Amino acid sequence: GGTIRFENVSFAYDPERPILKGVSFEAPAGKTIAIVGPSGAGKSTISRLLYRFYDVGSGRITIDGQDIRRVTQESLRGAIGMVPQDTVLFNDTVRYNVRYGRWDASDAEVEEAARLAQIDGFIRTMPKGYETEVGERGLKLSGGEKQRVAIARTILKAPPILILDEATSALDSATEMEIQDALESVARGRTTLVIAHRLSTVVAADEILVLEAGRVAERGTHAELLEKG
Ligand code: ADP
Ligand code: ADP
Numbered sequence: 370g371g372t373i374r375f376e377n378v379s380f381a382y383d384p385e386r387p388i389l390k391g392v393s394f395e396a397p398a399g400k401t402i403a404i405v406g407p408s409g410a411g412k413s414t415i416s417r418l419l420y421r422f423y424d425v426g427s428g429r430i431t432i433d434g435q436d437i438r439r440v441t442q443e444s445l446r447g448a449i450g451m452v453p454q455d456t457v458l459f460n461d462t463v464r465y466n467v468r469y470g471r472w473d474a475s476d477a478e479v480e481e482a483a484r485l486a487q488i489d490g491f492i493r494t495m496p497k498g499y500e501t502e503v504g505e506r507g508l509k510l511s512g513g514e515k516q517r518v519a520i521a522r523t524i525l526k527a528p529p530i531l532i533l534d535e536a537t538s539a540l541d542s543a544t545e546m547e548i549q550d551a552l553e554s555v556a557r558g559r560t561t562l563v564i565a566h567r568l569s570t571v572v573a574a575d576e577i578l579v580l581e582a583g584r585v586a587e588r589g590t591h592a593e594l595l596e597k598g
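Using UniProt numbering, the final residue of the sequence shown is 598, and nothing's skipped along the way.
Spelled out as structure tokens, the structure:
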């Protein structure tokens with residue numbers, strides 16, 4: 370399972386300003402669909418609608434034929450692993466953040482996910498600088514470190530559906546390449562929605578959608594899109 374369909378989806382945060390204007394696509398079970406396009410085109414909005422941070426204005430989103438509004442939030446979000454651009458961590462240890470949603474995971478599984486996401490050096494510490502002041506023992510995590518915590522959580526969760534929204538954007542290029550490999554191995558066989566700025570980073574996707582001003586302007590494989598220019 371895990372086939373995602375967007376059927377003529379429109380959405381606006383503010384009724385005066387439509388963001389998505391009749392977006393349709395299918396991400397077949399096990400395939401990787403990439404969404405590329407300029408900043409502000411509405412790419413992240415697509416991921417937020419799929420995760421039901423917001424509901425569609427019109428049209429519908431289905432997973433395996435079922436409207437996501439008819440699924441409990443717990444089961445919807447249980448089926449999806451999301452690595453957002455800006456990760457907000459829970460006010461607890463890094464380890465708690467990684468195990469979130471996979472409380473049954475063994476120590477060995479947690480350690481393996483931490484190793485792959487390169488956070489094993491600070492998994493026992495408490496991130497600092499959130500709502501609650503945790504004192505001098507806390508560690509202030511950088512954007513890239515927080516992103517790696519979200520990646521470790523997703524590797525551990527290994528859900529049927531992955532949303533990778535500029536998932537490695539905060540990492541330096543050497544780390545990015547290594548962690549990209551770990552993400553690709555989790556994505557294998559799972560329905561994956563990859564959101565990216567540039568076409569060059571999504572060469573291996575089964576289909577790429579080019580989103581411009583809330584509409585799908587082009588679609589095809591990487592080779593097909595290059596041919597179209
Ligand atoms: P992209 O991911 O393609 O850069 P987004 O989906 O993040 O685009 O945003 C599309 C548009 O929606 C942008 O103009 C952005 O300013 C606006 N937007 C995003 N989030 C909100 C929000 N919570 N409230 C109002 N406008 C928003
Ligand atoms: P539940 O449906 O069990 O209440 P949430 O919807 O709050 O769970 O969270 C589901 C997923 O969303 C988590 O696995 C996590 O990836 C992400 N998430 C939501 N809120 C936060 C947060 N405050 N900090 C970190 N991750 C969060």
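Ideal Cβ positions, reconstructed from N, Cα and C, are used throughout, including at glycine. Fair warning: this is a prediction, and the values are worked out from it, not measured in the lab.
Anyone know if the C-beta pair for residue i and residue j falls short of 9 Å?
i: Asp436; j: Gly370; result: no
i: residue 323; j: Gly428; result: No information on residue 323 is available, as it lies outside the stretch 370 to 598 that the chain covers here.
i: Val405; j: Arg559; result: no
i: Ile530; j: Ile449; result: yes
i: Glu525; j: Ala474; result: Checking the sequence, you will find Leu at residue 525 rather than Glu. For Leu525 and Ala474, yes; Cβs fall inside 9 Å.
i: Ala486; j: Ala551; result: yes
i: Ile532; j: Glu514; result: no
Taking the C-alpha atoms as reference points, what is the distance between residue i and residue j?
i: Val503; j: Thr462; result: Any reading at Val503 is ruled out, since the residue's pLDDT is 45, under 50, leaving its predicted position unreliable.
i: Val563; j: Phe459; result: 24 Å
i: Met451; j: Thr523; result: 7 Å
i: Glu553; j: Ala527; result: 12 Å
i: Asp383; j: Leu419; result: 19 Å
i: Gln454; j: Asp534; result: 6 Å
i: Ala586; j: Asp476; result: 46 Å
i: Ala539; j: Ile577; result: 22 Å
i: Glu385; j: Ala565; result: 27 Å
i: Phe380; j: Leu580; result: 14 Å
i: Tyr465; j: Gly426; result: 35 Å
i: Ser542; j: Arg446; result: 30 Å
i: Ile548; j: Phe491; result: 17 Å
i: Gly512; j: Thr537; result: 10 Å
i: Ala396; j: Glu480; result: 31 Å
i: Thr570; j: Ala403; result: 10 Å
i: Gln516; j: Trp472; result: 20 Å
i: Thr372; j: Met495; result: 37 Å
Pop quiz: residue i and residue j are said to be a contact at Cβ under 8 Å. What is the actual Cβ separation, rounded to whole angstroms?
i: Ile415; j: Leu389; result: 7 Å
i: Thr561; j: Thr401; result: 4 Å
i: Thr456; j: Val518; result: 6 Å
i: Phe422; j: Phe394; result: About 19 Å; that fails the 8 Å criterion.
i: Gly399; j: Asn377; result: So it is not a contact: roughly 24 Å between Cβ atoms.
i: Asp424; j: Arg438; result: 6 Å
Classify residue i as helix, strand or coil using the three-state DSSP reduction.
i: Thr590; result: coil
i: Asp575; result: coil
i: Ser444; result: helix
i: Lys509; result: coil
i: Thr544; result: helix
i: Asp383; result: strand
i: Lys400; result: coil
i: Asp534; result: strand
i: Gln549; result: helix
i: residue 622; result: Since the first and last residues shown for the chain are 370 and 598, residue 622 lies out of range.
i: Tyr428; result: For clarity, residue 428 is Gly in the given sequence; the question names Tyr instead. It is a strand residue.
i: Ala474; result: coil
i: Asp436; result: strand
i: Arg458; result: According to the sequence as given, residue 458 is Leu; it is not Arg. Looking at Leu458 - three-state DSSP - the assignment turns out to be coil, as it is neither helix nor strand.
i: Ala527; result: coil
i: Ser413; result: helix
i: Asn466; result: helix
i: Phe394; result: strand
Is residue i near ligand 3, going by C-beta to nearest heavy atom under 8 Å?
i: Gly391; result: Ligand 3 is absent from the structure shown, which contains only ligand 1 and ligand 2.
(message) Run the Cβ filter for me: residues under 5 Å from any heavy atom of ligand 1, listed in the order they occur in the chain.
(response) Tyr382, Ile388, Ser408, Gly409, Ala410, Gly411, Lys412, Ser413, Thr414
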